[in-house]
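Sequence lines, in order, name chains A, B and C. Quick note on this note's numbering: the first sequence kicks off at 1 and runs consecutively. Quick note on this note's numbering: the second sequence kicks off at 1 and runs consecutively. Quick note on this note's numbering: the third sequence kicks off at 1 and runs consecutively. Contents: one structure, followed by commentary.
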Amino acid sequence: MSATTSLKFEFVKGLWKENPVMASLLGLCPTLAVTNAAVNGLAMGLATTFVLLTSSLIISALRNFIPHQVRIAGYIVIIATFVTVADRFLAAFFPDISATLGPYIPLIVVNCVILGRQEAFSSRNGIGRSMLDSLGMGIGFIAVLVTLGSIREILGSGSIFGFSVMGDWFTPWMVMILPPGAFLTLGILIALANWYNDPSRSKDKGVVS
Amino acid sequence: MSKLPLSARMILVLTLITVLSGGILAAWDSYTKPKVEFHRLEALKAAIAEVLPAHDKYETRGSSVGNLYLASRADSDDLIGVAFMAVGSGFQGELRIMVGLTPDLSKITGIKVLEQIETPGLGTKIVVDPSNKQDPYWFPVQFKGVHTSPDMVVIKNAKPTHKHEVQGITGATISSQAVTRILNETIVGVKTAMTKHGGLES
Amino acid sequence: MSLFLLFFSAAIVNNFVLSYFLGICPFVGVSKKLTSAVSMGLAVTFVMLITAVVTWLIYHLILVPFDVVILQYVSFILVIASLVQLVEMFIRKVSKPLYDALGIFLPLITTNCAILGLALFSILRDYSFIESVVFGLGAGAGFTLALVIMAGIRESLELAPIPKYFQGAAITMIVAGSLALAFMGFAGMI
Numbered sequence: 001m002s003a004t005t006s007l008k009f010e011f012v013k014g015l016w017k018e019n020p021v022m023a024s025l026l027g028l029c030p031t032l033a034v035t036n037a038a039v040n041g042l043a044m045g046l047a048t049t050f051v052l053l054t055s056s057l058i059i060s061a062l063r064n065f066i067p068h069q070v071r072i073a074g075y076i077v078i079i080a081t082f083v084t085v086a087d088r089f090l091a092a093f094f095p096d097i098s099a100t101l102g103p104y105i106p107l108i109v110v111n112c113v114i115l116g117r118q119e120a121f122s123s124r125n126g127i128g129r130s131m132l133d134s135l136g137m138g139i140g141f142i143a144v145l146v147t148l149g150s151i152r153e154i155l156g157s158g159s160i161f162g163f164s165v166m167g168d169w170f171t172p173w174m175v176m177i178l179p180p181g182a183f184l185t186l187g188i189l190i191a192l193a194n195w196y197n198d199p200s201r202s203k204d205k206g207v208v209s
Numbered sequence: 001m002s003k004l005p006l007s008a009r010m011i012l013v014l015t016l017i018t019v020l021s022g023g024i025l026a027a028w029d030s031y032t033k034p035k036v037e038f039h040r041l042e043a044l045k046a047a048i049a050e051v052l053p054a055h056d057k058y059e060t061r062g063s064s065v066g067n068l069y070l071a072s073r074a075d076s077d078d079l080i081g082v083a084f085m086a087v088g089s090g091f092q093g094e095l096r097i098m099v100g101l102t103p104d105l106s107k108i109t110g111i112k113v114l115e116q117i118e119t120p121g122l123g124t125k126i127v128v129d130p131s132n133k134q135d136p137y138w139f140p141v142q143f144k145g146v147h148t149s150p151d152m153v154v155i156k157n158a159k160p161t162h163k164h165e166v167q168g169i170t171g172a173t174i175s176s177q178a179v180t181r182i183l184n185e186t187i188v189g190v191k192t193a194m195t196k197h198g199g200l201e202s
Numbered sequence: 001m002s003l004f005l006l007f008f009s010a011a012i013v014n015n016f017v018l019s020y021f022l023g024i025c026p027f028v029g030v031s032k033k034l035t036s037a038v039s040m041g042l043a044v045t046f047v048m049l050i051t052a053v054v055t056w057l058i059y060h061l062i063l064v065p066f067d068v069v070i071l072q073y074v075s076f077i078l079v080i081a082s083l084v085q086l087v088e089m090f091i092r093k094v095s096k097p098l099y100d101a102l103g104i105f106l107p108l109i110t111t112n113c114a115i116l117g118l119a120l121f122s123i124l125r126d127y128s129f130i131e132s133v134v135f136g137l138g139a140g141a142g143f144t145l146a147l148v149i150m151a152g153i154r155e156s157l158e159l160a161p162i163p164k165y166f167q168g169a170a171i172t173m174i175v176a177g178s179l180a181l182a183f184m185g186f187a188g189m190i
């Protein structure tokens, strides 16, 4: 199957059709926790993409050497190593972001998106394809985080990326930056995605893409 | 490689991965650790500077309530203030407050809430109150000059009349009272540590 | 904070699932039936308890004295993975029906953010050994509570006419949001 799918497909699929959050409901912990502001979602998305790319590179390169029985243990060590690198990087060079995101950066270690991609794809495909797959998934993940973060920030703080956009007439909806707001917003986004993806809505019925 | 028995291969590969991981992390650790420590110290210095009058250096001493930061000017060792972290339960979670006291520990020179997870828009007014356009930092700023004994008290619905009283936040009584309670409790320990010569760990 | 308040805070006021978003994956996946929710909650609490103990010991007796704190995440996740493996084998031996009921979700406890999150929070807040244990118990209790309430609600939802696009994950999230809102009412009790 993978020999005939185009490289472009490997990259594009992570953006919507196989979007890690919207399609597979993976990585919900960070998605809900750090999206109270758009910039936090962006930082978390970038950190996750970094870990995705680096661990895919190593795991794909070593895929024929790691015995099947110990593959999960091996993947976990590799992923945890790069998460530590990313976490320390933020603490050393972007201390404010590191303080805001707090313990949710190390929680990238248990982000199902990463382990899921390694198990499903990088362990069975070449380096090039694996990197493209990871890049697509990463960007798809960033897109969801930034969207969720923007909605919550606009409605909950009246700003986006720190820039005030709503003006004085607007009373912020405090609940949006609190946990209930995260759940509700994600629920509505998923419902919207279901509506968008509904095959019976499409003009050319019967076309399965 | 494939000629080795499975158990040997498993151990070899796992060991290799772990050793590589250890190597990368050790190198990264030595590169980043000084920077992380630098940021931590800078943040501490900035917090202390906000709660104490102008000073050039401070000495750190341990005590039963945590570190005490004794500040002085460059040319002399005369104490110009004592800063410390007061920690305790707020309304929703933990509060961490940097506090500054005069050298005789009788008055507060400043407070700064460093960590809190209070209710946004209400309890968070202990840090900053955006609804008060003239004076958004009125809550922490009012602590300057407040007397530490008798125990500090929060006044609701009226203006404070005594020197140990502070104005509470309407709609966030518990958060306001948490601040004074935590301050009162910690200051007891600070006073003990500063008066008893043996109370300070050098 | 007194130990009782610590337990209460971790279980209810700052519930791991509804306030910190830890443990959402099983929350969405396992909370369809009440019985599996209870079993999952207990299994997670058990793993949390042992994790709290072992990670505290590793951090304070090995990582800090040898100045290798940078190995924190690698060592913690390896410990958790091994613990889950052991718990899996134990449950399989003791109760095969329970093992079958939990199915794939048992090994998935390894990637449960709540377990690693518990270990990380304890270190971050500088808890003593006893405080870490109580915190672990409280977190597990809170996780189980949230899961059980969710399962109860979802069992009733099976009979409700839910709009087409909201069926499945969307309505689960919205119910979770309502639960989170309700739990916010517990603030101020500590």
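Even for Gly, the Cβ is constructed at its ideal location relative to N, Cα and C.
Rounded C-alpha distance that separates residue i from residue j
| i | j | result |
| --- | --- | --- |
| B:Asp78 | A:Phe89 | 40 Å |
| C:Arg92 | B:Ala178 | 49 Å |
| A:Asn64 | A:Ile76 | 17 Å |
| A:His68 | B:Ala83 | 57 Å |
| A:Ala73 | A:Ser55 | 13 Å |
| A:Gly136 | A:Asn19 | 9 Å |
| C:Gly23 | A:Asn111 | 11 Å |
| B:Gly198 | B:Leu44 | Low per-residue confidence applies at B:Gly198: pLDDT is 43, beneath 50, and the placement is therefore not dependable, though the value from the model is reported in the following sentence. When rounded, the distance between both Cα atoms is 26 Å. |
| C:Asn112 | C:Leu98 | 19 Å |
| C:Gly41 | C:Leu120 | 20 Å |
| C:Pro26 | C:Val69 | 30 Å |
| C:Gln85 | C:Leu179 | 32 Å |
| C:Lys164 | A:Gly187 | 13 Å |
| C:Phe166 | C:Leu157 | 12 Å |
| B:Thr170 | B:Ser72 | 38 Å |
| B:Ala47 | B:Gly66 | 16 Å |
| A:Ala193 | A:Thr147 | 13 Å |
| C:His60 | B:Val127 | 34 Å |
| C:Thr45 | A:Cys29 | 18 Å |
| A:Phe163 | C:Gly117 | 32 Å |
| B:Thr161 | B:Pro103 | 25 Å |
| A:Thr49 | C:Gly136 | 31 Å |
| B:Gly22 | A:Arg71 | 18 Å |
| B:Ser63 | C:Ile104 | 51 Å |
According to DSSP, residues forming a beta bridge with residue i
| i | result |
| --- | --- |
| A:Ser164 | A:Ser159 |
| A:Val219 | This structure cannot settle anything about residue 219 of chain A, because the visible part of chain A is limited to 1 through 209. |
| B:His147 | B:Lys107 |
| B:Gly88 | B:Leu95 |
| B:Leu70 | B:Glu59 and B:Val82 |
| B:Leu101 | B:Val82 and B:Ile108 |
| C:Gln85 | Looking at the DSSP assignment, C:Gln85 forms no beta bridge with any residue, so it has no partner. |
| C:Val64 | Answer is none; C:Val64 lacks a bridge partner. |
| B:Ile174 | B:Ile174 is not bridged to any residue. |
| B:Val154 | B:Val166 |
Whole-angstrom C-beta distance between residue j and residue i, which should lie under 8 Å
| i | j | result |
| --- | --- | --- |
| A:Val83 | A:Pro106 | 6 Å |
| A:Ile97 | A:Ile78 | Not confirmed; about 24 Å, so no contact. |
| B:Val287 | A:Ala91 | No answer is possible for residue 287 of chain B: the residues shown for chain B start at 1 and end at 202. |
| C:Ala210 | C:Val13 | No answer is possible for residue 210 of chain C: it lies beyond the span of chain C, which begins at 1 and ends at 190. |
| B:Val51 | B:Met98 | 5 Å |
| A:Met40 | A:Ile177 | Note on residue identity: the sequence assigns Asn, not Met, to residue 40 of chain A. Not a contact, Cβ separation roughly 11 Å. |
| C:Val38 | C:Val148 | 6 Å |
Status (buried if at least 16 other CB within 10 Å, exposed otherwise) for residue i
| i | result |
| --- | --- |
| B:Asp129 | buried |
| A:Val191 | Note that residue 191 of chain A corresponds to Ala in the displayed sequence, not to Val. Flag for A:Ala191 reads buried. |
| B:Pro140 | buried |
| B:Ala26 | exposed |
| B:Gln92 | buried |
| C:Met189 | exposed |
| A:Pro180 | buried |
| C:Phe129 | exposed |
| C:Ala170 | buried |
| C:Ser9 | buried |
Cβ neighbours of residue i in the same chain (closer than 6 Å, five flanking residues each side left out)
| i | result |
| --- | --- |
| B:Glu165 | Val153 and Ile155 |
| C:Thr50 | Here the sequence assigns Ile to residue 50 of chain C, which means Thr is not the residue at that position. Correct list, in chain order: Leu83. |
| C:Ala114 | Phe16, Leu22, Gly23 and Phe143 |
| B:Asp56 | Arg73 and Ala74 |
Other residues of its chain near residue i: CB distance less than 8 Å, five sequence neighbours each side excluded
| i | result |
| --- | --- |
| A:Met131 | Leu53, Ser56, Leu57 and Ser60 |
| C:Val175 | Met150, Ile153, Arg154 and Leu157 |
8 Å Cβ cutoff, residue i in contact with chain E
| i | result |
| --- | --- |
| C:Leu71 | Any reference to chain E falls outside this structure, whose protein chains are A, B and C. |
Other residues of its chain near residue i: CB distance less than 7 Å, five sequence neighbours each side excluded
| i | result |
| --- | --- |
| A:Gly27 | Pro20, Val21, Asn111, Cys112, Val113 and Phe141 |
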